[in-house]
Structure formats: C-alpha cells, structure tokens
Amino acid sequence: MDITDFYDTFFEEAEELLADMERYLLELNLEEPDAEQLNAIFRTAHSIKGGAGTFGFEALQKTTHLFENLLDHARHGELNLRRDIVDIFLETKDMLNDQLTAYRNGEEPDQEAFERICKTLQQLAEEEIKQRGNGGSKEPAAQSQGQTADPPVEEHGEEAAADSLLIALLGISEENRVLLVEELDQFGKIIAQSGDTSRYEVQLQTTTSAADIESVMCFIIEPEQIEIRTLAASDMLSDTAAKTPPSETAETVETIAAAERIAAPEAAAEPTAASNATEVVKQAPPPSPPSAPTASEPKKAAGKPAAKTKGAAESSSIRVSVEKVDQIINLVGELIITQSMLDQTVSQLDGISNSALVNGMSLLQRNARDLQEAVMSIRMIPMDFVFSRFPRVVRETSAKLGKEIELLTEGESTELDKSLTERIIDPLTHLVRNSLDHGIETPAEREALGKPRVGKLTLSAKHQGGNIIIEVSDDGAGLNREKLLAKARENGLSIADNMTDNEVWQLIFAAGFSTAKEVTDVSGRGVGMDVVKRNIQGLGGNVQIMSTAGQGTTIRILLPLTLAILDGMSIKVGDEIFILPLSTVLQSLQPTKSDLYEMAGEDLVLRMRDEYLPVIAVHDALDVAGAQTDPLRSIAVIVQGEGRRYALLVDELIGQQQVVVKNLETNYRKVPGVSAATILGDGRVALILDIAGLHQLSQSKKAVRQPRHHRSALPLPKSTEVALS
681 MDITDFYDTF FEEAEELLAD MERYLLELNL EEPDAEQLNA IFRTAHSIKG GAGTFGFEAL
741 QKTTHLFENL LDHARHGELN LRRDIVDIFL ETKDMLNDQL TAYRNGEEPD QEAFERICKT
801 LQQLAEEEIK QRGNGGSKEP AAQSQGQTAD PPVEEHGEEA AADSLLIALL GISEENRVLL
861 VEELDQFGKI IAQSGDTSRY EVQLQTTTSA ADIESVMCFI IEPEQIEIRT LAASDMLSDT
921 AAKTPPSETA ETVETIAAAE RIAAPEAAAE PTAASNATEV VKQAPPPSPP SAPTASEPKK
981 AAGKPAAKTK GAAESSSIRV SVEKVDQIIN LVGELIITQS MLDQTVSQLD GISNSALVNG
1041 MSLLQRNARD LQEAVMSIRM IPMDFVFSRF PRVVRETSAK LGKEIELLTE GESTELDKSL
1101 TERIIDPLTH LVRNSLDHGI ETPAEREALG KPRVGKLTLS AKHQGGNIII EVSDDGAGLN
1161 REKLLAKARE NGLSIADNMT DNEVWQLIFA AGFSTAKEVT DVSGRGVGMD VVKRNIQGLG
1221 GNVQIMSTAG QGTTIRILLP LTLAILDGMS IKVGDEIFIL PLSTVLQSLQ PTKSDLYEMA
1281 GEDLVLRMRD EYLPVIAVHD ALDVAGAQTD PLRSIAVIVQ GEGRRYALLV DELIGQQQVV
1341 VKNLETNYRK VPGVSAATIL GDGRVALILD IAGLHQLSQS KKAVRQPRHH RSALPLPKST
1401 EVALS
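Taking the working numbering, I'd label the letters of the sequence shown as residues 681 to 1405.
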C-alpha cells in the first residue's frame, strides 16, 4: 500500500479545515470567547497535525504542534485573547496554508518563514503564559512526533498519563499490515501484537486518544477495518510495560477527552480531518468490573456502533474530481444536441402515422432536460464559498485604513456554478477594497455627519430568472459626480457635461482612473476596477452602479448561473444563424426612415425614446454574404453590452432556445466579435455573438475604409456625437 495515494484526500480536507479555522477565528468574541468555537479551532489544528505526522510532513506537523499548544491554553482560559493575538493566529493559519501548498506541489516549505512563525509562537507562549522551559518553548526541531525525548509536562502541571489501547485491524493484507503497524508505532510503544489477516490485534501504550489514532488511520483504511478500545489495568501485559515512558505528544488524554466532550454537540456539523471518511470515535472509559474482556477476547468500544452509523450515512456523499463532473456535463451536452437533431427530424414527419415515434421523442426531450438540470446542479455550490473569504479582507483592510466596518452577508445559500464562483472572487475583492477605501468614511467623519461610527458593508446574492445578482453595498459617502468629471478631464477622457449619472459612474472603470489623492497599499494606482469590468464581461455578465451622495453606493453584478448552458435568441443574417445571449436582448423593432440618422463618416444611429443608439450591421461586421443591406428592411435588435446599448441589424428573428456552449478558443482560436459557439439541431455550428466585441469590430472596419464626410439630417447635440464616437 502506497501511502502517497492518500495525499490528495489529506490536502483537500486540510484546506477545508483551514478555511473553517479562519472563519472561527474571525467570529470570536474577544471579550467572551465561545467555548465551542475555541474547541472547534483546536480540533482543526489537532486534526491537521495528526495527518501531517502520518504522511511525514514535518514542518506542517511542528507548526501545528506549537499552534495547538497555544490554542489549548486559550480554550482553558490561560491565554487571554486580544486582537493582536488573533492576528498572530491568522498569520499562523496562512503559514499552514503555504506549507500545505508546498507539500501539494512536491516542494519543501519555506524554512525561513517556518522558523519565523515558530519563533513568534514560542515568544507568545513565553510572554503570555510564562511557559519558559516547558513544552511550549522548545525548539521545533525536538517536537517531531515519534522522536524520543524527556516526558513532556502537561499544560496544567501534571505529567501526562499513558493508556494501553487494543487496536484490531480487520481484513488487512500482511504487506499493508506491516505499514500500518509502523504508523501505530509513531503514537507510542507497541507492547504486543498477534493475529492473522482477518483480525490482527496490536496492544499500544500511548498518551494519544483512541479518537485521534482512528482519525489518522482512517486516512489510510476504511473505518470498518479498525476497532479500538482501552484496556483496563488487569488486561495489560505487565506492570513494567505499563510504566514505559510514552513518546512525546502535544497533549494529554484528559485534555483531548475534555475537548471532545465539550464539542460533542457540534461534532456532526464541524468538519475534521477525517470528516469525509468517518466520524471520530470517542474513547471508551476503562471497564471497572474484573470480568472485563482480555486481549484474546476483545469487545467493541462503546462508541464504535455510533461511528459506523455515521459512516454509513456519510457514504451517501462522495468526493469527485471536477474533471469527471466536467466530462459528464460535456456528454450530457452532446446528448442534448443529439436529441435536438432527432427532434428536428421527427418534426418533419407525419404526426399521425408516426404517433409512437413523436410521443417517444417528447418523452426523450423531457427526460433529457431533467438529466441536464440534474447534472448541472452537481456543479452548483452556495455563495457562502465566496462570501467566507471577505471577513478576513474587511478585518485587515479596515485596520490599515483606521476605519470601523461591519460586514453583513445575505443570500449565502444562493447557488452558482463552481467555475464562476472561483473566477468571481478576485473581481469581488477589488470591489470590496474599493468600498472600504473610497466609500466608507473614517469614524470621525461619520460622527461629524451624524452617522454611526461603524460603517456597514453588505454582500448579497439572489437569483433572478436564469441569472444571479451579486451586490456590494456600503453606507458611505457615495460617488461625487463633479469630482469624477474633473478627474476624467485631467486624464484626457472624452466626456460631456450633460452625461447621465450612470455614464459618469461608469468612468471609474476606465483604465488608470483613480480619485485617490495618494497611492497606498490598498488603492490609488488606477488598476483594478477596469480589470473587474473586463473579467465580469468575460464571464458573460455586466456591472451596474447605483449611488446616492451621502448615503452610499451599490455595485451590482449580473451573471449567468452557468457558462455551460445558455438561454439565447437565434437570429438569421444571410444564410448564417447566430445566437445572442438572451440576457443582453432588450427588445426588437422594425426601424423607419425617421428613426435612423447618419453621423460623420459611416456611423449610423437609431433614435429610440430620445436616445441615440449606435447601429451595428451584423452582416458588415462579420462579412456575411447574401444578407439584407437595407436598414429599413432589416430588424433592429436592441442589446446591451459594457453598460451601453446598441442596435443590431439582422435579417430575421428565429426564436428563443437553450444552447450548449462550446469554447471556441479551446477548439479553434479567438474570433473577434464572437464569444463562443454551439451546435444546432440540424448539426450546423452557430456562433454566439459578443456585443462589445462586435461593436469594436464594426468600428475598426469603418476606420480602415475611406469615410464619407457629410452630416446627419437631424442636428444632434455635440455631446451626443462625442458619446457615440
């Protein structure tokens, strides 16, 4: 058995534990720390340390060992928590994450950073708990689990007591059993061992609890393949063996047992290192009657049946790689395309004489749609995955800025495609930091304005049709129109005094645009917001800004729930069929001569409710032959992209349909004006249009042609011409 086969499981579960640890640390009430939260933080560190010791990740094990000692003092009230101490704990969590990443990549962690964090933790132990000379101030090199050393002094002043455990390995081959026994030897001293492949018993003298040993062993074997119980004094091999000094460990049996008793109510809810494999088994109390079973007649521990029940329940959920899920989604997409092809063929047949076939196709279509929705739901994860990153960001950024800010979250259970949640984190981080720096005022400024000292930042998510709306709202000063216009003029941007508020707010997304008076490590360089807009548009979404002076600003992000399936509008240009994302389509109309006006050069605008929209002839932008060239005989589809509206001239509207999105860059190359492709029911490939890219393509083609110099029939305001250029 190669123990490296279990690395991925350990890495994934350790990452989840570290994320939980950060959340617990940020939620701590420093004045009255919650005992269950402290125990949960301690358990996460303890579980990671156990797994790190099993897999030989020495730096990770030593760091968590020192960290665990401090957490143990904190949960026993011997370490008074302060903000700076929690900051050190968060820094340690970051270091553990870095070490985990290094081991995942097959590298050794940064030794200098490791020594620095160990020194910080030791110094904290010496200064706050006065533990000089005890286990908390030892050099980390002597802390490795399994090394022989002087017996550690328990945190509460008593020497740690050793227990004798009987560990039964069930159904383990001889080769694998040798490896497992070697692992058990790391927890203490093996007194005796005997048995065969079906049941092999090991008597171990150790200060580590049965629960911790089982947690580590279940990284390697199934929970039903191990049984652990505590032996009474009469069951031990000899008094001499019982007095053998235990190997050095991080805590005493009593400490761990107390932690498990306190945290028992939330054990089912809080993940541990073995949470996805089995529930931690509580150590059974030593049996008092003299008729207690001997090593040759073992009996199951009292907690074992409960563990198996939990394990059976947890078997209903499995950990599957994203690649496998993506493969299933692709296959379902191909199935939908095939079903669409068959449906189109059947629609051309006589429904009466082929009624059985028509009914069968109707059933297939219904089942295919249900299958598609079920498979897509596998990739959906709650927005809490995203929102949980920001308490730390708000805490640290507000401290740097000297502001007091409360973070509120709403709609954490709203689900979004996993690929989108991972790619939306960076844009949201920029928006949050921007609100903290530019939006919310300092406590003194807020008090002078009659506002509470503590500002509020709200992250919310909700579904709307086939989209998700994510909002970042603050109760700060709001955007200053005059200040933005002045900065835009200073940067040489094309602006007009009669621009709408929405157009002015969009200026903050211009590259290099910043209203900060000086550059700080938080903001002021003019990069970030333009990247935010570009990234969100790359996800098929758009950004809207609502702001009221003195009351605050709300930035709204509209995203599709998934990038794999798209609700689209089919349009026809010449003999070609294109797809417009339905979320970008506002309306369609037949333009009249009085609606169209020519601008300088070849620019054409469509007047709609006193607004002039740039006209994009799709056939001209994409060089489609045989298309309708007369704008008055075309259909104008009003669409929105990059916060602006355009009028697309097309030949015909075919209808609305769901399409399976195929990445064009992966299968071919990037095409200007096109975001992706799909396969229609007749087997033809249809391109999915990119509105903003289509406008840029149209403008670039007009620029290379010789412009015609004449003015429009309708005298338009100069500001309108500037805005349309």
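Where a beta carbon is used, it is the ideal one built from N, C-alpha and C, also for glycine.
Source: prediction; values computed, not measured.
Beta-carbon spacing of residue i, residue j below 9 Å
i	j	result
P1062	E1092	yes
I1259	I1368	yes
V1223	I1017	no
Q1407	D1275	Since the first and last residues shown for the chain are 681 and 1405, residue 1407 lies out of range.
L1344	A1356	yes
Q1379	A1316	no
Q1320	T1264	yes
L1051	L1015	yes
N777	L705	no
A1327	I1318	yes
L1293	P1311	no
F747	F769	yes
I728	L718	no
I1225	Q1186	yes
K1098	R1059	yes
L849	I870	no
V1066	I1009	no
K1142	E1090	yes
Span of the alpha helix (DSSP H), counted from its first residue to its last, around residue i
i	result
Y783	763-784
E854	854-865
A1036	1035-1058
K1163	1161-1170
E738	738-755
I1025	According to the sequence provided, residue 1025 is Thr. The question's Ile does not apply to it. It spans 1002-1027 - the alpha helix (DSSP H) in which T1025 sits, taken as one unbroken run.
A1383	1371-1384
G1218	1209-1218
Residue closest to residue i, alpha-carbon to alpha-carbon, out of the options
i	options	result
T1025	G1013, V1038, I1032	V1038
D843	G1135, G1353, V1211, I908	I908
T724	L710, L1081, R703	R703
N1171	A1191, L1159, D714, E1183	A1191
K799	R784, T743, T1234, L705	T743
E904	L884, T888, R879	R879
R784	L864, A1307, A694	A694
A1229	A1168, K1163, L1262, E758	K1163
D1117	L710, L864, L1137, M775	L1137
K1167	D1154, G1146, N1147, F1189	F1189
P1132	H1143, K1083, E1090, L708	K1083
R762	L746, L1360, L710	L710
R1069	V1112, T772, K1142, L884	V1112
E1332	T1309, E1125, A732	T1309
G1232	L750, A1366, E1121, S1057	E1121
E1151	H1143, G1158, Q1144, L1139	L1139
D892	F867, T1077, G1013	F867
V1212	I1175, N1114, M1179, P1123	N1114
For residue j and residue i, believed in contact at Cβ under 8 Å, the rounded distance
i	j	result
P789	Q802	Not a contact, Cβ separation roughly 18 Å.
G1254	A1301	Actually they do not touch by this definition, with Cβ atoms about 13 Å apart.
G1156	G1130	Not really, about 14 Å apart at Cβ, beyond 8 Å.
L1238	N1160	Not confirmed; about 25 Å, so no contact.
N1215	D1106	7 Å
F690	F735	6 Å
Beta strand (DSSP E) segment containing residue i, residue limits
i	result
A1141	1135-1144
G875	868-875
A1182	One detail in the question is off: residue 1182 reads as Asn in this sequence, not Ala. First-last for N1182: 1181-1185, but that is the alpha helix (DSSP H), not the beta strand (DSSP E).
E1278	1276-1278
P1271	Careful: P1271 lies outside any beta strand (DSSP E) and carries neither H nor E.
A848	843-850
I1259	1256-1261
N760	That residue, N760, is in no beta strand (DSSP E); it is neither H nor E in DSSP.
N673	Since the first residue of the chain shown is 681 and the last is 1405, residue 673 is not available in this structure.
beta-carbon residue i near the ligand GDP non-hydrogen atom, thresh 8 Å
i	result
E907	In terms of ligand content, the structure shown is empty, and the ligand GDP therefore cannot be addressed.
Problem - Those runs of the alpha helix (DSSP H) which lie wholly inside the segment 1340-1364 and span at least 4 residues - result: 1344-1347
Practice task
Go through the segment 1068-1128 residue by residue and report every complete run of the beta strand (DSSP E) that reaches 3 residues or more, in order.
Solution key: 1085-1090, 1095-1097
Exercise for the section: Give, in chain order, every unbroken run of the beta strand (DSSP E) that is at least 3 residues long and sits entirely within the segment 686-744. Expected result: none
Problem - Contained beta strand (DSSP E) runs [length at least 3] in the segment 1284-1308, N- to C-terminal order - result: 1284-1288, 1291-1297
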